[in-house]
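Single-structure report; data block below.
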Amino acid sequence: MADLDVQDDQTTAGDDAPEQQVRAGAGFWVKVIGLALFDAIVLAVIPSLIEQGATVALISIIVGTLGINFIFLSHRTYAYRWLVPGVVFLTILMVWPIIFSVYVAFTNWSTGNFLTKDQVIEQLTEGGLSLIEPDDAPTLDMLWFEVAPGEFKMLVRNPDTDELFYGSPRTVQDPIPEEIVLDDLEAAAVVDADGDGLPESIDGVEAINTFAVAQKIPDIDSFILDIPGGEARARTLSTARLAQTRFVWDETTEVMFDRLNNENCTEVDAAFSCAGDRINPGWREVIGFGNITKVATDPGFRDPFVRVFTWNVIFAVVVVAFQFILGLGLAMVFQDPKMKFKRLYRSLLIVPYAAPAFISLVIWRGMLNRSFGQLNRALEGIGSFFGLLDLEVAIPWLTDPFWAKVAVILVTVWQGVPYFFLINSGALQSIPKELTEAARVDGAAAPQVFRKVTFPLLMVSIAPLLIASFSFNFNNFLNIFLITGGGPPLTQYAVPVGETDILISFTFDLAVESGRGALYGLASALTIFIFFIVATIAAFSFRFTKRLETIYGNL
C-alpha cells in the first residue's frame, strides 16, 4: 500500500509540473498582459462613469471585468473562455441597448432635459452664459499695467471688501475659461506709497496713467478679467463693473435664487421656472409611464401612430406576399428539367440579393426621380413605341402619397424575391416525389397536386421564414429612409411623420428630427410598442406554424 501511495504522489506531481510550465510560458504572459491592458482601459473609464452618475453602467462594467479576469486566470473555467468574446459583444450590442432603451422610455430624456439636475445647477450658477450686471452690482476700481510691449495686465479692487485681483484679461470674443487664473499678489513686489489700496507698481511695472490708457488700449470696453464671483468688465478708463451669475443655488434650502427678478425659482416639469419663464436647460428624471400613456391617450401622438401602424402592417404583408409568390413562381419554373441555361438565369436572379442594399437603394432613388429618373424615361419610351405619342409619363414616385408607397413596395419586393426564390427552390426539392406522383396516379390535376400536397408541405418549412421576413420588413428602416425618407410629409400632425413612414422610421423622426428637439423618451416608448406588436404577431404566427408541423410534419 505504501508503494502505491508513493506512486500516486509521483503521478500527481508529474501531472502538475506540465501545467505549471504552461502557466509560466509565453502564452500565459501574453494573456496576463492582455488582461492588464483591458483592466487599464476599464480603470480609465470608471472616473468618467462616476462623474456622470452612471451607476448601473459602472456596476455592470466592474462585475463584467472581474468575471472576465476570473475566467481567463482560472484553469477551471477554461471552456468558458471561448464564450467570452461572443457574450461581451452580445451584451454591448444587444443586451445593454435594450436595457438602456427601456430605461429611457420611463424618463423625460429629450433635448431640453438632457443633463442631470446637479449638472444643470452647475451650469446655471458657474457657467458664463447666465452672467448679468444687476443694478446693485459693485463698481470696481481698475488699473492697467504694461508688462511687455503691447501686453497688458489688469488689476481691479472691490471697494466693499478691498480685495485685489490681478491678471491677464481676455476679450469678449475669447471663450470663457474653465478655471480662473490670476497672479499671486502676495508673492509679488507690490508698492502702494499713498496707502489708498491701489498699488502704483507691481514687480517694478508702474501703473499706466489714466489718460494714457485711452491711447494704449482704445478698445478698453472689450476686456474682461475673470475673478471669483463673476467677471470684471471694463466700463471706463478707471472703473469696471462686476458681472455676476444670474442664479444662486442655496444648498441648505435647495432653492434657486434669481438675481435678475430678485425672487426664488420654482421647479416645474424638471426645470427651473423664474418669473413664469422656463429656464433652460432642464434635467432628466424618471417619469414612470408618462411617455407610454402619452402615446396611447394624446391625440397628437396617438392619431399619427395609428395611421403609421396601419400602413406598416399593409407594407409588410404586401411585400412578403409578393416576394413569396414571385419567388415561388420562379422556383417552380426552374424545376423544369428541360429548361436550359439554368445557371445563368439563377446568377442573374440573385443579383438583387447579393448586391449591398445601401448601394442598390441609392441607385433606385435616382432611377425614381420624376424628371431625370431612368424609370420614367423607360415608360416614355414604351409609350412612344406603342404609338402613344401624346402620353406624357412623369410619375411622381417620390412626391405623391400613392406612388411613393408603390415605389417602396416595388423596390422592397425586388430586393426580396431572390431570397424567396432560393429558399423555395430548396424546399421544393426536399418534397418527396413519391407523394406528388401518387397524387397524379389517383387522378389529381396539377393544380390539385399543388394545393393539396406541394403547398402544405412547402409551408411546413417556409412558414417560419415567412414570419421572419415579415418581422424584418415590419422594421425595414433602411428602405424607407433611403428611398422616400418617410415622405411625402403629413402636415396635419404636430409631430414629424410622412405618408410612407413605418413605426421604426417614425420613431427615428421623433428621436432626431422633431421640430421641438429630440424626444428620446417618447421614441424609446414607441420601441416598446413595436416590440410587443411584433412579438404578438410572431407568437400567433408560430402557433399556426406548429399546427402545420403537427398535421403535415410526418408525411
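Per the working numbering, numbering of the sequence shown is gapless, rising by one per residue and ending at 574. Note that the Cβ used here is the ideal one computed from N, Cα and C, for glycine as well.
Skipping 5 residues on each side, what residues in its chain have a beta carbon closer than 8 Å to that of residue i?
i	result
Q40	Because the pLDDT at Q40 is just 45, under 50, the model does not fix this residue reliably, and the value given afterwards should be weighed accordingly. Hits under 8 Å: none found.
D419	P507
A458	Q467, V468, K471 and V472
V427	F334, N498, I499, I502, T503 and T519
L150	G249, E250, A262, Q263, T264 and R265
T526	A542, L545, T546 and I549
Straight-line CA distance for residue i to residue j?
i	j	result
S257	E250	16 Å
A98	K50	15 Å
T264	P247	11 Å
A294	I306	25 Å
N395	V430	15 Å
D35	I80	Below a pLDDT of 50, predicted positions are generally treated as unreliable, and D35, at 47, falls in that range; no measurement from the model is reported.
T158	R260	5 Å
V175	G214	16 Å
R189	D317	51 Å
S187	I140	28 Å
V381	F500	10 Å
L10	M113	This structure cannot settle anything about residue 10, because the visible part of the chain is limited to 20 through 574.
V224	E145	33 Å
A335	T564	19 Å
A537	G319	16 Å
W433	K136	51 Å
F108	G400	52 Å
P196	L143	16 Å
P371	P475	28 Å
D222	E165	11 Å
L349	L368	9 Å
S488	E273	55 Å
E270	T180	24 Å
T451	A463	Before going further, note that residue 451 is Pro rather than Thr in the sequence given. The alpha-carbon atoms of P451 and A463 are separated by roughly 17 Å.
Y122	R278	37 Å
Q448	D58	54 Å
A397	V425	17 Å
P66	L134	18 Å
V575	D245	Within the shown structure, residues of the chain are numbered from 20 to 574, placing residue 575 beyond reach of any answer.
Exposed or buried, which one is residue i when buried takes at least 16 other CB atoms within 10 Å?
i	result
Y12	No statement about residue 12 is possible, as the shown extent of the chain runs from 20 to 574 and does not include it.
E518	buried
W268	buried
S129	buried
L408	With a pLDDT of only 48 at L408, under 50, the local geometry of the prediction cannot be trusted, and the value read off the model is given with reservation. So L408 counts as exposed.
G392	buried
D340	What sits at residue 340 in the sequence shown is Ala, not Asp. Exposed: under 16 other Cβ atoms inside 10 Å.
M358	exposed
I583	There is no way to answer for residue 583, as the model of the chain reaches only from 20 to 574.
R252	buried
L522	buried
N310	buried
Q342	buried
I87	buried
S524	buried
N331	buried
L56	exposed
W163	buried
Can you give me the Cβ contacts of residue i inside the same chain, cut-off strictly under 6 Å, excluding the 5 residues immediately before and after it?
i	result
L345	V436
V192	This sequence places Gln at residue 192; Val is not what is there. Here the set comprises nothing.
E38	Only weak support is given to the placement of E38: the predicted model assigns it a pLDDT of 46, under 50, and the question is left unresolved by the model.
T229	L256 and S257
A289	N127, N132, G301, W302 and E304
I547	A124
D529	One detail in the question is off: residue 529 reads as Leu in this sequence, not Asp. These residues qualify, in order along the chain: L538, L541 and A542.
Please go through the same chain and pick out, in chain order, the residues whose beta-carbon is closer than 7 Å to the beta-carbon of residue i, but skip the five residues on each side of it.
i	result
W422	I414, P415 and W416
L183	L174, R176 and L204
A446	L477, S480 and I481
A212	E219
Shorter than 9 Å from the beta carbon of residue i to some beta carbon of chain C?
i	result
A542	No chain C appears in the structure shown, which is made up of a single protein chain.
Touching by the beta-carbon criterion (3+ pairs, under 8 Å), the region 279-286 and the region 234-241: no
Inter-stretch contact (C-beta, 8 Å, three-pair minimum) for the region 155-174 and the region 226-237: yes
Minimum length 3: unbroken beta strand (DSSP E) runs contained in the region 56-143: none
Meets three-Cβ-pair contact criterion under 8 Å: the region 438-458 and the region 476-491: yes
Inside the region 446-497 only - alpha helix (DSSP H) runs reaching at least 4 residues: 452-460, 465-468 and 474-493
Three-pair Cβ contact test at 8 Å for the region 465-479 versus the region 365-379: no
Sufficient close CB pairs (3 or more, under 8 Å) joining the region 497-515 to the region 316-327: yes
At least three beta-carbon pairs within less than 8 Å, the region 482-496 to the region 380-390: no
Segment contact, 8 Å Cβ cut-off, at least three pairs: the region 88-95 with the region 492-509: no
Complete beta strand (DSSP E) runs within the region 269-337 (minimum length 3 residues, chain order): 274-277, 291-293 and 296-298
Whole runs of the beta strand (DSSP E) within the region 216-274, excluding any shorter than 3 residues: 242-246, 249-253, 258-264 and 266-269
Start-end ranges of the alpha helix (DSSP H) lying completely within the region 538-572, minimum 4 residues: 539-571
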